[in-house]
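Taking it in order: structure first as C-alpha coordinates, then the write-up.
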Amino acid sequence: MAALVDQLVGFVAAHGALAYAALFLAALLEAVPVFGSVIPGSTIILALSALIPGGELQLLPVLASAIVGAIIGDGTAFWIGHRAQRDILGAWPLSRYPGLVSQSEGFFQRYGTLAVFFARFVAPVRALVPITAGALAMPPPRFYAVNIPAIVFWALAHVLPGVLAISALHEYAGLPHHQHTGKHLWILAVFAAAIIALGVWTLRRRRAGNAPSDQARAGLRPGAGPT
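Set out below in C-alpha coordinates:
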(Lines of atoms letter the chains of each structure in order from A and count residues from 1; the text may use other names and numbers.)
(Lines give C-alpha, C1' and ligand atoms only; values in the text may rest on other atoms or scores of the structure.)
Protein backbone atom coordinates (compact mmCIF):
# COMPACT_ATOMS: atom_id res chain seq x y z
CA MET A 1 0.00 0.00 0.00
CA ALA A 2 2.82 2.40 0.87
CA ALA A 3 4.47 1.75 -2.48
CA LEU A 4 1.20 2.44 -4.29
CA VAL A 5 0.73 5.71 -2.43
CA ASP A 6 4.29 6.75 -3.26
CA GLN A 7 3.62 6.02 -6.94
CA LEU A 8 0.36 7.99 -6.76
CA VAL A 9 2.10 10.97 -5.18
CA GLY A 10 4.84 10.90 -7.80
CA PHE A 11 2.35 10.64 -10.64
CA VAL A 12 0.18 13.49 -9.34
CA ALA A 13 3.24 15.67 -8.80
CA ALA A 14 4.22 15.15 -12.44
CA HIS A 15 0.70 15.25 -13.93
CA GLY A 16 -1.36 17.62 -11.81
CA ALA A 17 -3.75 18.45 -14.67
CA LEU A 18 -4.75 14.79 -14.96
CA ALA A 19 -5.44 14.65 -11.23
CA TYR A 20 -7.79 17.64 -11.47
CA ALA A 21 -9.48 16.03 -14.48
CA ALA A 22 -9.93 12.82 -12.47
CA LEU A 23 -11.53 14.78 -9.63
CA PHE A 24 -13.86 16.51 -12.09
CA LEU A 25 -14.91 13.19 -13.66
CA ALA A 26 -15.32 11.50 -10.28
CA ALA A 27 -17.75 14.18 -9.14
CA LEU A 28 -19.57 14.25 -12.49
CA LEU A 29 -19.97 10.48 -12.87
CA GLU A 30 -21.28 10.11 -9.33
CA ALA A 31 -24.38 11.99 -10.50
CA VAL A 32 -25.18 9.51 -13.31
CA PRO A 33 -28.50 7.85 -12.38
CA VAL A 34 -28.05 4.32 -10.99
CA PHE A 35 -24.48 3.91 -12.27
CA GLY A 36 -23.32 6.80 -10.10
CA SER A 37 -24.24 4.75 -7.04
CA VAL A 38 -21.23 2.50 -7.68
CA ILE A 39 -18.77 5.22 -8.78
CA PRO A 40 -16.38 5.85 -5.85
CA GLY A 41 -16.24 9.57 -6.57
CA SER A 42 -16.39 10.66 -2.94
CA THR A 43 -13.68 8.14 -2.01
CA ILE A 44 -11.39 9.46 -4.76
CA ILE A 45 -11.90 13.06 -3.64
CA LEU A 46 -11.30 12.20 0.02
CA ALA A 47 -8.14 10.28 -0.85
CA LEU A 48 -6.63 12.87 -3.17
CA SER A 49 -7.27 15.66 -0.66
CA ALA A 50 -4.32 14.22 1.27
CA LEU A 51 -2.02 15.52 -1.46
CA ILE A 52 -2.90 19.17 -0.86
CA PRO A 53 -0.77 19.90 2.26
CA GLY A 54 2.37 18.59 0.55
CA GLY A 55 1.82 20.80 -2.49
CA GLU A 56 1.18 18.05 -5.03
CA LEU A 57 -2.31 19.52 -5.52
CA GLN A 58 -3.72 22.97 -4.77
CA LEU A 59 -6.80 23.53 -2.62
CA LEU A 60 -8.80 25.88 -4.86
CA PRO A 61 -8.38 23.85 -8.09
CA VAL A 62 -9.36 20.68 -6.21
CA LEU A 63 -12.50 22.33 -4.85
CA ALA A 64 -13.31 23.86 -8.24
CA SER A 65 -12.88 20.52 -10.04
CA ALA A 66 -15.20 18.72 -7.62
CA ILE A 67 -17.81 21.50 -7.54
CA VAL A 68 -17.99 22.06 -11.30
CA GLY A 69 -18.12 18.32 -12.01
CA ALA A 70 -20.93 17.80 -9.52
CA ILE A 71 -22.93 20.79 -10.79
CA ILE A 72 -22.70 19.59 -14.39
CA GLY A 73 -23.53 16.00 -13.41
CA ASP A 74 -26.50 16.90 -11.22
CA GLY A 75 -27.71 19.51 -13.70
CA THR A 76 -27.59 17.07 -16.61
CA ALA A 77 -29.55 14.46 -14.66
CA PHE A 78 -32.08 17.09 -13.57
CA TRP A 79 -32.72 18.29 -17.12
CA ILE A 80 -33.11 14.73 -18.41
CA GLY A 81 -35.79 14.18 -15.78
CA HIS A 82 -37.34 17.58 -16.43
CA ARG A 83 -37.76 16.88 -20.15
CA ALA A 84 -38.94 13.27 -19.85
CA GLN A 85 -40.99 13.86 -16.67
CA ARG A 86 -42.28 10.85 -14.73
CA ASP A 87 -41.87 8.49 -17.70
CA ILE A 88 -38.11 8.46 -17.09
CA LEU A 89 -38.57 6.86 -13.67
CA GLY A 90 -40.02 3.77 -15.31
CA ALA A 91 -37.53 3.60 -18.18
CA TRP A 92 -34.27 1.66 -18.33
CA PRO A 93 -32.05 1.62 -16.35
CA LEU A 94 -34.20 3.04 -13.54
CA SER A 95 -36.83 0.37 -14.18
CA ARG A 96 -34.35 -2.25 -12.97
CA TYR A 97 -33.97 -0.58 -9.58
CA PRO A 98 -37.48 0.25 -8.34
CA GLY A 99 -36.24 0.22 -4.75
CA LEU A 100 -33.78 3.06 -5.35
CA VAL A 101 -36.41 5.04 -7.27
CA SER A 102 -38.90 4.53 -4.45
CA GLN A 103 -36.28 5.60 -1.91
CA SER A 104 -35.56 8.74 -3.92
CA GLU A 105 -39.24 9.62 -4.20
CA GLY A 106 -39.60 8.95 -0.48
CA PHE A 107 -36.90 11.54 0.15
CA PHE A 108 -39.06 14.15 -1.56
CA GLN A 109 -42.16 13.11 0.33
CA ARG A 110 -40.28 13.47 3.60
CA TYR A 111 -38.11 16.55 3.04
CA GLY A 112 -39.67 18.38 0.09
CA THR A 113 -37.27 20.74 -1.67
CA LEU A 114 -34.60 20.14 0.97
CA ALA A 115 -34.35 16.56 -0.29
CA VAL A 116 -32.05 17.93 -3.00
CA PHE A 117 -29.72 19.26 -0.29
CA PHE A 118 -29.77 16.25 2.04
CA ALA A 119 -29.44 13.65 -0.72
CA ARG A 120 -26.04 15.03 -1.74
CA PHE A 121 -24.71 13.53 1.50
CA VAL A 122 -26.51 10.17 1.22
CA ALA A 123 -24.66 7.90 -1.18
CA PRO A 124 -27.43 5.47 -2.21
CA VAL A 125 -29.84 8.17 -3.41
CA ARG A 126 -27.34 10.87 -4.45
CA ALA A 127 -27.37 9.64 -8.05
CA LEU A 128 -31.19 9.41 -8.19
CA VAL A 129 -32.44 12.60 -6.58
CA PRO A 130 -31.52 15.11 -9.34
CA ILE A 131 -33.29 13.14 -12.08
CA THR A 132 -36.22 12.52 -9.72
CA ALA A 133 -36.43 16.24 -8.97
CA GLY A 134 -36.70 16.95 -12.67
CA ALA A 135 -39.23 14.15 -13.21
CA LEU A 136 -41.40 15.54 -10.41
CA ALA A 137 -41.42 18.95 -12.12
CA MET A 138 -39.37 20.89 -9.59
CA PRO A 139 -38.79 24.39 -11.05
CA PRO A 140 -35.17 24.77 -12.26
CA PRO A 141 -34.46 27.95 -10.22
CA ARG A 142 -35.58 26.18 -7.05
CA PHE A 143 -33.47 23.13 -7.87
CA TYR A 144 -30.28 25.12 -8.46
CA ALA A 145 -30.92 27.35 -5.44
CA VAL A 146 -30.68 24.25 -3.24
CA ASN A 147 -28.37 22.05 -5.32
CA ILE A 148 -25.44 24.46 -5.74
CA PRO A 149 -25.06 25.29 -2.01
CA ALA A 150 -25.37 21.57 -1.26
CA ILE A 151 -22.56 20.78 -3.70
CA VAL A 152 -20.32 23.48 -2.22
CA PHE A 153 -20.82 22.09 1.30
CA TRP A 154 -20.36 18.55 -0.02
CA ALA A 155 -17.05 19.48 -1.67
CA LEU A 156 -15.77 21.23 1.45
CA ALA A 157 -16.79 18.24 3.59
CA HIS A 158 -14.82 15.89 1.33
CA VAL A 159 -11.70 18.00 0.85
CA LEU A 160 -11.04 19.87 4.08
CA PRO A 161 -10.92 16.84 6.45
CA GLY A 162 -7.98 15.38 4.55
CA VAL A 163 -6.20 18.72 4.44
CA LEU A 164 -6.69 19.33 8.16
CA ALA A 165 -5.80 15.76 9.17
CA ILE A 166 -2.57 15.64 7.17
CA SER A 167 -1.59 19.15 8.28
CA ALA A 168 -2.18 18.20 11.93
CA LEU A 169 -0.10 15.03 11.59
CA HIS A 170 2.81 17.00 10.18
CA GLU A 171 2.43 19.93 12.56
CA TYR A 172 1.83 18.14 15.86
CA ALA A 173 3.15 14.61 15.27
CA GLY A 174 6.32 15.80 13.58
CA LEU A 175 5.84 13.69 10.44
CA PRO A 176 7.87 15.12 7.53
CA HIS A 177 6.04 15.72 4.27
CA HIS A 178 8.66 14.03 2.12
CA GLN A 179 8.12 10.65 3.81
CA HIS A 180 4.40 10.66 2.91
CA THR A 181 3.55 8.86 6.18
CA GLY A 182 0.51 11.04 6.82
CA LYS A 183 -0.71 10.46 3.27
CA HIS A 184 -0.30 6.69 3.71
CA LEU A 185 -2.37 6.71 6.90
CA TRP A 186 -5.13 8.92 5.50
CA ILE A 187 -5.52 7.13 2.16
CA LEU A 188 -5.47 3.72 3.85
CA ALA A 189 -8.16 4.89 6.30
CA VAL A 190 -10.31 6.29 3.49
CA PHE A 191 -10.22 3.12 1.41
CA ALA A 192 -10.75 0.91 4.47
CA ALA A 193 -13.82 2.94 5.42
CA ALA A 194 -15.12 2.75 1.84
CA ILE A 195 -14.72 -1.04 1.78
CA ILE A 196 -16.50 -1.40 5.14
CA ALA A 197 -19.33 0.90 3.99
CA LEU A 198 -19.70 -1.09 0.77
CA GLY A 199 -19.83 -4.33 2.74
CA VAL A 200 -22.50 -3.01 5.10
CA TRP A 201 -24.58 -1.68 2.18
CA THR A 202 -24.31 -5.00 0.31
CA LEU A 203 -25.29 -6.95 3.43
CA ARG A 204 -28.33 -4.73 4.00
CA ARG A 205 -29.46 -5.15 0.40
CA ARG A 206 -29.15 -8.92 0.64
CA ARG A 207 -31.10 -9.00 3.88
CA ALA A 208 -33.78 -6.76 2.39
CA GLY A 209 -33.97 -9.00 -0.68
CA ASN A 210 -34.31 -12.12 1.47
CA ALA A 211 -36.92 -10.62 3.80
CA PRO A 212 -40.45 -11.93 3.12
CA SER A 213 -42.85 -9.41 1.68
CA ASP A 214 -46.01 -8.31 3.45
CA GLN A 215 -48.06 -10.40 1.04
CA ALA A 216 -45.93 -13.48 1.72
CA ARG A 217 -46.24 -13.01 5.47
CA ALA A 218 -50.00 -12.60 5.10
CA GLY A 219 -50.15 -15.81 3.14
CA LEU A 220 -48.40 -17.67 5.96
CA ARG A 221 -50.92 -16.66 8.59
CA PRO A 222 -53.32 -19.37 9.78
CA GLY A 223 -56.58 -19.16 7.87
CA ALA A 224 -55.15 -16.75 5.31
CA GLY A 225 -55.55 -19.09 2.38
CA PRO A 226 -57.07 -18.10 -0.96
CA THR A 227 -60.71 -17.05 -1.02
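The numbering of the sequence shown is our numbering, which starts it at 433 and goes up by one. We put the beta carbon where it would ideally sit given N, CA and C, even for glycine.
DSSP-derived helix/strand/coil call for residue i
i	result
Ile484	coil
Trp524	coil
Ile471	coil
Phe553	coil
Pro581	helix
Pro571	coil
Glu462	coil
Ile477	helix
His616	helix
His590	helix
His602	helix
Leu652	Since pLDDT at Leu652 reaches only 48, below the 50 mark, its modelled position is unreliable, and the value read off the structure follows with that caveat. Correct three-state label for Leu652: helix.
Where the alpha helix (DSSP H) containing residue i begins and where it ends
i	result
Tyr529	Here Tyr529 belongs to no alpha helix (DSSP H), and DSSP marks it neither H nor E.
Val494	Leu491 to Ala516
Ala559	Careful: Ala559 lies outside any alpha helix (DSSP H) and carries neither H nor E.
Status (buried if at least 16 other CB within 10 Å, exposed otherwise) for residue i
i	result
Glu603	exposed
Arg558	buried
Val632	exposed
Ile563	buried
Val591	buried
Trp524	exposed
Val578	buried
Leu460	buried
Ser497	buried
His447	exposed
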